[in-house]
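Engineer: Pasting in a structure now, in structure tokens, and then I'll have a few things to ask.
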Amino acid sequence: MPAARVATSVRPDPVRARERTLLLLATPALLVIGVLFVWPLLRLLSMSVADGTLVQFEKAALDVLYVTVLWESIEIGLIVTVICLLLAYPVAMWLVQTSRFGFILGMFFLLLPFWTSVLVRTYAWMVLLGRSGVINRALRDLGWIDAPLPLLHNRLGVLIGIVHVMLPYMVIPIYAALLRIDPDLRRAAEGLGAPAWRAFARITLPLSLPGVFAGCALVFVITLGFFITPALLGGGRVMMISMLIEQQVREFLDWNFAAALATVLLVVTLAVYAMLGRLTGGAGHAGR
Amino acid sequence: MPAARRRQPGKFALGVVAGLVFAFLMLPLLVVFPISVSSASYLQFPPPGFSWQWYVRFLEDVTWVESAIRSFKVALLCTALSMALGVPLSFALVRSRLRGMRLADRLVAAPIIVPNIIISIAIYSLFSKLQLIGVWYGIAIAHTILALPFVVILVSAGLRTFDEAQEQAAMGLGATWGVAVWRITLPQLRPSLIAAAFLAFVTSFDELVIAMFLSGASMTLPKKMFDNIMLEIDPTIAAVSVMQIVLACICLGAAALFGRGVVPGTPR
Amino acid sequence: MDLTLRGVVRRFGTVTALAGIDLDVAEGELLTILGPSGSGKTTLLKIVAGFEFPDEGTVHLGNSDVTVAPPRSRDVGMVFQNYALFPHMTVAQNVAFPLEMRRLAKPERERRVAEALALVELAEYGHRLPRQLSGGQQQRVALARAIVFKPRLLLLDEPFGALDRKLREAMQLEVRRLQRRLKLTTLFITHDQEEALILSDRIAVMSAGRIEQIGLPDDVYARPGTRFVADFVGESNLLDGVARSGAEAEAAGFGTVTLIAPAGAPGARATLLVRPEALRIGAPAAGLANRTTGTIIETVFLGLSVKLRLRLGTGLELLARLPLRPSEPFPLAEGDDVPIGFAPEDVHVIADAGR
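Residue numbers (our numbering), protein chains in the order written: chain A, 102 to 389; chain B, 113 to 380; chain C, 48 to 402.
Structure, rendered in structure tokens:
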């Protein structure tokens with residue numbers, strides 16, 4: 102490529118040399134990403150149209166079962182997003198204004214689950230929510246219930262498990278957005294006569310929206326692709342699209358159909374993320 | 113403590129909500145502790161008595177210990193790979209002005225949002241061709257894709273706050289760029305590097321979906337746990353869980369203490 | 048010559064940052080590159096330091112051509128704007144860094160570090176970290192680090208900007224003394240004309256990628272070669288004039304100005320420069336060849352002097368600066384109509400009136 106440059110000078114240019122070095126540094130990682138991520142992904146997606154037709158997609162679109170599963174995944178994604186948002190916003194606000202000790206403690210409570218394996222947490226919820234689990238046991242011992250509540254192996258259990266996993270993903274972007282807001286702005290608003298709730302509604306809330314959108318995008322999109330938690334907590338009664346894909350590959354060895362389902366999931370994921378990502382102005386992105 | 117500030121009802125309500133959410137977050141982590149030292153032979157709460165039997169059973173079962181060791185090996189190799197690839201990549205992403213780098217930036221972060229199941233079966237289909245199923249380093253290589261975004265995010269964030277004039281100064285004083293980076297930049301980036309390494313380790317150590325497809329007969333710890341949970345719930349799982357939580361605690365503690373970027377919003 | 052630049056050109060895309068720079072810095076000389084931001088002085092500095100290479104032209108240090116040499120092989124000591132001290136190394140380690148890069152033996156290294164730190168009066172501070180020092184001390188460390196390896200050239204990139212006024216003045220004098228004592232060939236980059244006048248042996252004024260004028264501080268101030276230099280260095284009254292026959296010119300808004308020599312061929316355009324301190328106000332204006340009257344529209348007290356803004360009947364505004372004597376009250380006030388005058392020898396004619 103560089104040969105195309107008009108030769109105003111043949112001198113070495115440190116700026117260009119630097120770019121070359123940087124490119125060289127990026128190359129191994131980009132190669133690995135290309136070979137282990139982009140290439141396998143494209144290969145998989147291409148399998149969905151391996152027979153030269155869109156028959157796999159037709160199958161996915163026409164069978165009530167598959168449409169139901171996709172719809173259920175989206176529904177669970179939306180519910181989880183809303184619950185996480187409602188729980189995370191106050192937590193983020195509390196983190197911004199608490200003492201240093203409170204902050205450290207809160208971050209520990211938030212990050213320890215985040216750093217603990219999803220599997221361990223899911224198992225723990227099974228212990229808690231089961232028919233003879235900790236919660237039902239306790240409620241019965243207290244005499245509040247006679248028969249065990251159905252907490253596990255249904256949508257409720259799945260929702261509890263996913264919300265638990267996704268909460269930190271919502272709290273942290275909102276917290277980061279709140280932290281960026283100059284506290285003087287709110288004080289100024291209150292100083293100008295706005296009551297605290299109006300100062301919140303007119304200043305804090307709108308300015309934190311990028312963080313809210315970033316959190317929502319992340320939570321919805323990751324929830325959509327959840328596998329372990331619904332597989333264990335749903336007890337076969339809740340089916341999400343990831344489980345369907347796994348089933349097609351492992352049980353039916355129907356790669357082409359699995360690829361079609363994967364394509365649908367990926368398209369929905371990227372579309373939602375791009376849409377919400379536009380609203381955040383890039384705040385949800387890995388960059389700054 | 114909160115009683116002292118009760119004057120502002122809004123703040124107090126926030127504290128209550130935050131406290132409930134934190135309780136919700138910690139509840140499942142705490143509940144496995146008593147179960148793991150239960151003397152009962154099946155899941156029972158509260159435990160009828162104290163016993164180390166489930167830890168002993170874990171240590172005496174070769175398949176458990178082997179899978180734990182395998183997971184450690186996988187996680188270590190994955191950490192090494194993702195650091196070796198991710199740190200240089202971060203330099204390029206932060207410093208380069210090439211237009212393609214913005215695209216690369218998005219691409220690196222993509223595995224965070226692309227559903228794990230899709231990444232898993234895509235790699236599975238490739239690795240079965242390459243006969244990389246059932247070998248431990250195959251899993252480590254695949255995990256690198258998942259750990260790389262975290263490494264890049266943390267290291268890039270550290271690098272952005274670094275004043276590049278220091279590297280120029282070092283070069284003006286006689287250092288090559290490599291020496292300047294090694295002696296001046298990387299030592300100052302150490303907190304970010306530590307945090308990144310721990311996060312990469314934990315990401316790989318806990319990963320299940322890829323391991324499910326790639327591990328074959330030689331299981332990683334999460335895969336072995338998953339199978340056990342599916343088959344029978346005995347408190348050995350609780351003992352393993354406790355050990356995993358303790359490990360997460362250690363990693364998080366070390367990363368927060370010596371690292372930077374793990375706890376958002378507290379740059380030092 | 049210790050540093051020689053010939054025809055140095057640097058372009059960034061369609062923007063020409065340096066449009067042909069010729070520059071010579073003599074051994075032991077302190078030459079200042081003075082210019083506003085965007086004038087190309089930073090690019091020039093980077094080219095001399097080796098962080099960028101010129102598209103055309105050459106850079107010589109002594110007899111060696113370093114046009115495309117990497118920074119490490121140039122032997123140039125540089126003090127950065129924010130010092131760029133290495134925060135994770137002690138003061139002594141910072142100063143030892145260039146010696147270490149040159150693979151000096153440890154005893155020699157330690158001796159030279161101690162010497163350099165003593166030179167900047169920080170002998171006791173070797174074991175401290177940079178952040179434990181004050182701004183002025185940090186700057187001295189940066190200076191010690193830049194001179195410890197006896198570089199052929201010292202580069203100072205706006206090094207005083209981060210200091211408060213008092214400290215800045217003290218450091219300026221200290222750098223000056225050190226530079227004289229060690230006979231360091233020095234290239235000093237700044238946008239602060241006052242600083243340039245205080246420190247420099249010679250000043251090169253840059254604008255839009257060119258050197259507008261190069262000369263002694265006195266020359267640059269009293270006899271600017273271009274209107275830009277007159278305007279940028281010091282305060283000035285610039286009158287648009289047309290040369291007349293004899294030692295006279297017609298200045299817009301003022302009238303006939305008597306000069307000591309012709310301003311050029313009759314009818315040629317010229318800019319007339321009268322420094323504010325050359326204006327006489329009130330009684331002292333009587334008897335001067337160039338006289339008029341005006342109204343004081345603003346007075347600003349500056350301690351040792353007072354600055355007056357005056358408006359003539361034609362609408363032309365002039366700036367005057369009068370010395371203040373603490374013993375006497377200042378006799379003039381805003382709104383006063385006063386005689387204004389200046390001597391022919393205080394008018395400097397800038398022929399280049401193209402701008």
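Just so you know, even glycine gets a beta-carbon here, dropped at the ideal spot from N, CA and C. Keep in mind it's a predicted model, so treat the numbers as computed, not measured.
Using Cβ-Cβ distances below 8 Å, what residues of the region 354 to 366 of chain B are close to chain A?
Structural biologist: Of all residues in the region 354 to 366 of chain B, 356, 357, 360, 361, 363 and 364 have a Cβ within less than 8 Å of some Cβ in chain A.
Engineer: Assuming residue 175(B) is part of the beta strand (DSSP E), what are its boundary residues?
Structural biologist: Careful: residue 175(B) lies outside any beta strand (DSSP E), inside the alpha helix (DSSP H) at 174 to 207.
Engineer: Is it buried or exposed for residue 236(C), if we count other Cβ within 10 angstroms and need 16 for buried?
Structural biologist: So residue 236(C) ends up on the buried side.
Engineer: So which of 208(B), 153(B), 304(B) and 174(B) has the shortest CA-CA distance to residue 428(A)?
Structural biologist: This structure cannot settle anything about residue 428(A), because the visible part of chain A is limited to 102 through 389.
Engineer: Are three or more beta carbon pairs between the region 140 to 155 of chain A and the region 363 to 373 of chain A nearer than 8 Å?
Structural biologist: Counting Cβ pairs under 8 Å, three or more are found: they touch.
Engineer: Look at residue 55(C) and residue 94(C) and say whether their C-beta atoms are less than 8 Å apart.
Structural biologist: Closer than 8 Å, so yes.
Engineer: Can you tell me whether residue 420(C) is buried or exposed? The criterion is at least 16 other CB atoms within 10 Å of its CB, across all chains shown.
Structural biologist: Residue coverage of chain C in this structure runs from 48 to 402, which leaves residue 420(C) outside it and unanswerable.
Engineer: Can you give me the C-alpha to C-alpha distance between residue 176(A) and residue 190(A), rounded to a whole angstrom?
Structural biologist: If I take the Cα positions, the gap works out to 21 Å.
Engineer: Would you mind sorting residue 272(B) into buried or exposed? The rule is 16 or more other CB atoms within 10 Å of its CB.
Structural biologist: Flag for residue 272(B) reads exposed.
Engineer: Between 372(C), 336(C) and 324(C), which has its C-alpha nearest residue 356(C)'s C-alpha?
Structural biologist: Considering only alpha carbons, the answer is 324(C).
Engineer: Run through chain A and tell me which residues come within less than 8 Å of residue 207(B), C-beta to C-beta.
Structural biologist: Within 8 Å Cβ-Cβ: 119 and 123.
Engineer: On a Cα-Cα basis, can you pick out the residue from 116(C), 62(C) and 213(C) that is closest to residue 284(B)?
Structural biologist: Ranking 116(C), 62(C) and 213(C) by Cα distance to residue 284(B) puts 116(C) first.
Engineer: Say whether the region 297 to 308 of chain B touches the region 363 to 375 of chain B, bearing in mind that this needs 3 or more beta-carbon pairs closer than 8 Å, one atom from each stretch.
Structural biologist: Contact between the region 297 to 308 of chain B and the region 363 to 375 of chain B is present, because at least three Cβ pairs lie under 8 Å.
Engineer: DSSP puts residue 111(C) in a beta bridge; with which residues?
Structural biologist: Answer is 108(C), bridged to residue 111(C).
Engineer: Assuming residue 186(B) and residue 248(B) make a contact with CB atoms under 8 Å, what is their CB distance in whole Å?
Structural biologist: Between residue 248(B) and residue 186(B) the Cβ distance is about 6 Å, and since that is below 8 Å, they are a contact.
Engineer: Expressed to the nearest angstrom, what Euclidean distance is found between the alpha-carbon atoms of residue 224(C) and residue 170(C)?
Structural biologist: Going from the Cα of residue 224(C) to the Cα of residue 170(C) covers about 18 Å.
Engineer: According to DSSP, is residue 59(C) part of a helix, a strand, or is it coil?
Structural biologist: The answer is strand: DSSP assigns residue 59(C) an E or B state.
Engineer: Looking at the C-beta of residue 62(C), does it have a partner C-beta in chain A at a distance below 8 Å?
Structural biologist: With 8 Å as the cut-off, residue 62(C) does not count as an interface residue toward chain A.
Engineer: Could you list which residues in chain C have their beta carbon closer than 9 Å to that of residue 299(B), in chain order?
Structural biologist: In chain order: 133, 135 and 136.
Engineer: Indicate the three-state DSSP secondary structure (helix, strand or coil) for residue 386(C) in the structure shown.
Structural biologist: If DSSP states are grouped into helix, strand and coil, residue 386(C) belongs with the strands.
Engineer: Mind listing which residues of the region 104 to 129 of chain C have their C-beta closer than 7 Å to chain A's C-betas, in chain order?
Structural biologist: Under the 7 Å Cβ criterion, the region 104 to 129 of chain C contributes 115.
Engineer: From the DSSP secondary-structure annotation, give me the bridge partner or partners of residue 150(B).
Structural biologist: DSSP output for residue 150(B) lists 162(B) as bridge partner(s).
Engineer: Beta-carbon of residue 383(A) versus every beta-carbon of chain B: anything under 8 Å?
Structural biologist: Any answer about residue 383(A) is weak, because its pLDDT of 47 lies below 50 and its placement is not dependable; what the coordinates show is given next. Taking Cβ atoms only, chain B never reaches closer than 8 Å to residue 383(A), which makes this a no.
Engineer: Taking the alpha carbon of residue 264(C) as the reference point, which residue from 246(C), 221(C), 256(C) and 234(C) has its own alpha carbon closest?
Structural biologist: Among 246(C), 221(C), 256(C) and 234(C), the Cα nearest to that of residue 264(C) belongs to 246(C).
Engineer: Give every residue of the same chain whose Cβ lies closer than 7 Å to the Cβ of residue 219(C), excluding the five residues on either side of it in the sequence, and list them in chain order.
Structural biologist: Only 207, 242, 245 and 246 meet the Cβ criterion.
Engineer: What residue range does the alpha helix (DSSP H) around residue 266(C) cover?
Structural biologist: Segment 264 to 269, the alpha helix (DSSP H) holding residue 266(C).
Engineer: Which residue comes first and which comes last in the beta strand (DSSP E) that contains residue 204(C)?
Structural biologist: Segment 200 to 204, the beta strand (DSSP E) holding residue 204(C).
Engineer: Below 8 Å between beta carbons: does that hold for residue 292(B) and residue 282(B)?
Structural biologist: Their beta carbons are under 8 Å apart, which means residue 292(B) touches residue 282(B) by this criterion.
Engineer: What residues of chain B sit near residue 194(A), judged by a beta carbon separation below 7 Å?
Structural biologist: Near residue 194(A) (Cβ distances below 7 Å), the residues of chain B are 126.
Engineer: In terms of DSSP beta bridges, what is residue 138(A) paired with?
Structural biologist: Paired residue(s): none; residue 138(A) is not in a bridge.
Engineer: Ordered along the chain, which non-local residues of its own chain (more than five positions away) have a Cβ less than 6 Å from that of residue 370(C)?
Structural biologist: Cβ neighbours of residue 370(C) beyond the five flanking positions: 352.
Engineer: Assign residue 50(C) to buried or exposed, taking buried as 16 or more other Cβ atoms, counted over all protein chains shown, within 10 Å of its Cβ.
Structural biologist: The residue is buried, with at least 16 neighbouring Cβ atoms inside 10 Å.
Engineer: Residues of chain A with CB under 7 Å from residue 279(C), in chain order?
Structural biologist: Correct list: empty, because the minimum Cβ distance to chain A is about 29 Å.
Engineer: For residue 177(C) and residue 188(C), which I take to be in contact (beta-carbon distance under 8 Å), what is that distance rounded to the nearest angstrom?
Structural biologist: At roughly 7 Å, the Cβ-Cβ gap stays under 8 Å, so residue 177(C) and residue 188(C) are in contact.
Engineer: Going along chain B in order, which residues have a C-beta closer than 9 Å to the C-beta of residue 373(C)?
Structural biologist: Residues of chain B passing the Cβ test: none, with the nearest at roughly 45 Å.
Engineer: For residue 389(C) and chain A, any beta-carbon pair shorter than 8 Å?
Structural biologist: With 8 Å as the cut-off, residue 389(C) does not count as an interface residue toward chain A.
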